[in-house]
Structures are given as C-alpha cells and as structure tokens.
Amino acid sequence: MIQKLKTKKEVREEMEREISQYLTGGGAINEVQQGISGRENNSNLNQTIPFIEGEKQTRTPLTETVKALDDRKNKKKSISSAVHRPKKRIIYDDFGEPVREVWE
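Dropping the structure here:
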C-alpha cells in the first residue's frame, strides 16, 4: 500500500495541534534571544569536532604513486595508438554505388 505524503498545509496544521496540546497540558515555551546558541560559550557553530583526541596524524604523500599510475595509463595509450589496425574503405562509382572494399 502506497502511503500518501503530507502536504505542507497538513504538516503545519499537525504542528499547530501538537503545540496547542503541549501548552494546554501545562508545557511552557521559553523565549530565547536571537543569536544565542545552545553550544557552550556560544562557540563557532562551523567548528569541526575531532573524532580522535591526541596528536594529529600526518598525511601519506601519494605523489609518486599517482605519477606511476599516470605513467602506466599513458604507456597503455601510446601502445594502443602505435598498433595499426586495418580499416575498411568502400570505393564508390560516379553514381554513388559501391564498387569494392579496400582495406588500408
């Protein structure tokens, strides 16, 4: 059975119902000033969170590996272009009718 997606209007109405139920049940909404953050000391929101604490690991240089891969790729291209493969060419007469095939 395919479940129908809610429209924006339906979502908005549902949220309004939930808020009114919360308020009538004794809940309260605290107003927070603009610019205040839930983070401690109002720190930078875009700051990355380190996964592992301790010394930062150095990156492994891969320039030699990438160069070797590029050289190998370019070598394959030069070998395949050096091989001459015969191509079939069709010879036509003055009226555009094929006369014969020639391999070059």
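With the working numbering applied, the sequence shown has no gaps in its numbers, which climb one by one up to 1240 at the end.
Glycine is no exception: its CB is placed at the ideal position from the N, C-alpha and C atoms.
This structure is a prediction, so every number in the text was calculated from the model and none was measured.
In DSSP terms, what residue i is bridged to
{"i": "Glu1202", "result": "Per the sequence presented here, residue 1202 reads as Val, with Glu not at that position. For Val1202, which the question treats as bridged, DSSP gives no partner whatsoever."}
{"i": "Ile1226", "result": "Glu1237"}
Helix, strand or coil at residue i [DSSP, three-state]
{"i": "Val1238", "result": "strand"}
{"i": "Arg1221", "result": "coil"}
{"i": "Ile1155", "result": "helix"}
{"i": "Val1147", "result": "helix"}
{"i": "Lys1192", "result": "coil"}
{"i": "Lys1211", "result": "helix"}
Cβ-heavy atom distance, residue i to the ligand GDP, below 7 Å
{"i": "Pro1197", "result": "With respect to the ligand GDP, the structure shown offers nothing to examine, as it has no ligands at all."}
Pairwise C-alpha distance: residue j and residue i
{"i": "Leu1141", "j": "Gly1171", "result": "34 Å"}
{"i": "Arg1153", "j": "Ile1138", "result": "25 Å"}
{"i": "Gly1161", "j": "Glu1167", "result": "19 Å"}
From the options, residue whose alpha carbon lies closest to that of residue i
{"i": "His1220", "options": "Leu1205, Val1202, Trp1239, Pro1234", "result": "Trp1239"}
Below-8 Å beta-carbon distance, residue i vs any chain C residue
{"i": "Gln1139", "result": "Reference to chain C is not applicable here, since this structure consists of a single protein chain."}
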